[in-house]
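*Asks:*
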Amino acid sequence: MLELYSKAKLPTIFGQFEIYVFSDDENLENAVLVRGDVNSKENVPVRIHSECLTGDVMGSKRCDCRDQLLKSLEFLGKQDFGMLIYLRQEGRGIGLLDKIRAYSLQDQGYDTVEANLMLGLPADKRDYTFAVEVIKYFGIKSIRLMTNNPLKMDFLKKYNIRITDRIPIISEPTPYDEFYLNTKKMRLGHQI
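The sequence shown maps to residues 6 to 197 in the working numbering.
1) Buried or exposed: which applies to residue 13, given that a residue is buried once 16 or more other Cβ atoms fall within 10 Å of its Cβ?
2) How is residue 166 classed by DSSP in three states: helix, strand or coil?
3) Give every residue of the same chain whose Cβ lies closer than 7 Å to the Cβ of residue 143, excluding the five residues on either side of it in the sequence, and list them in chain order.
4) Can the beta-carbon of residue 87 be found less than 9 Å from the beta-carbon of residue 55?
5) Whole angstroms are fine: how far does the CA of residue 41 sit from the CA of residue 85?
6) Which first and last residues belong to the beta strand (DSSP E) in which residue 21 is found?
7) Does residue 157 pass the burial test, meaning 16 or more other C-beta atoms within 10 Å, or should it be called exposed?
8) Taking 9 Å as the cut-off, decide whether the C-beta atoms of residue 90 and residue 136 are in contact.
9) Does the stretch 94 to 111 touch the stretch 122 to 138, meaning 3 or more C-beta pairs lie closer than 8 Å?
10) Identify whether residue 126 lies in helix, strand or coil by the three-state DSSP scheme.
11) Do residue 18 and residue 38 have their C-beta atoms closer together than 9 Å?
12) From what residue to what residue does the beta strand (DSSP E) around residue 39 run?
13) Given this structure, state the Cα-to-Cα distance separating residue 47 from residue 60, to the nearest angstrom.
14) Counting along the chain, where does the beta strand (DSSP E) carrying residue 65 start and finish?
15) Since residue 7 and residue 22 are thought to touch, with beta carbons under 8 Å apart, how far apart are those beta carbons, to the nearest angstrom?
16) Can you give me the Cβ contacts of residue 101 inside the same chain, cut-off strictly under 7 Å, excluding the 5 residues immediately before and after it?
17) Please report the distance separating the alpha-carbon of residue 75 from that of residue 115.
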């Protein structure tokens, strides 16, 4: 069950937001950045971003996570209203320890999917139930989802979240993440 812990103003380099901190059934502290008034609105731009410590914080070039996060915040900062839901599910839901174990296998030439499967983990373990609850908490009637991941769209639709548009997040591949991005496209169906 979703429970609001606290909220505050959050001025950022991308503009003025409010930050909401909710706890969920697993007692994870998930953050939601809200731009303007999203309550009961239609066509709210929403980014659902899964935590990536190595990318978001440390600037790893192995993935495009930081790029997606920054591009999303930049876009939202230019809108009258919008939302970024930051989920604490590191490494496509496998956690930091297993993510680094998977990195080690990737260093040996395996792709991200193969590495997860070799560790006995699913290719993608993320769950977006919290995001569904947040969207319903604010009474949002429809969203414009900022994503390249069709599975995220399918998950939300399954829980009756109306998606009126998909806003792609375009990143230029680098020599460090090109193999990763191709794997996401070919093996996970991402629309890159």
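Glycine residues also receive a C-beta, built at the ideal position from the N, C-alpha and C atoms. The structure displayed is predicted, hence computed values, not measured ones.
*Replies:* In short:
1) exposed
2) coil
3) 43, 44
4) no
5) 6 Å
6) 20 to 28
7) Looking at its Cβ environment, which holds 16 or more other Cβ atoms inside 10 Å, residue 157 is buried.
8) Contact flag set, yes.
9) yes
10) Under the three-state reduction of DSSP, residue 126 is assigned to coil, being neither helix nor strand.
11) no
12) 34 to 40
13) 32 Å
14) For residue 65, no beta strand (DSSP E) encloses it, and the DSSP letter there is neither H nor E.
15) No, residue 7 and residue 22 are not in contact; Cβ-Cβ is about 19 Å, not under 8 Å.
16) Excluding residues within five positions, the ones whose Cβ falls inside 7 Å are 58, 95.
17) 28 Å
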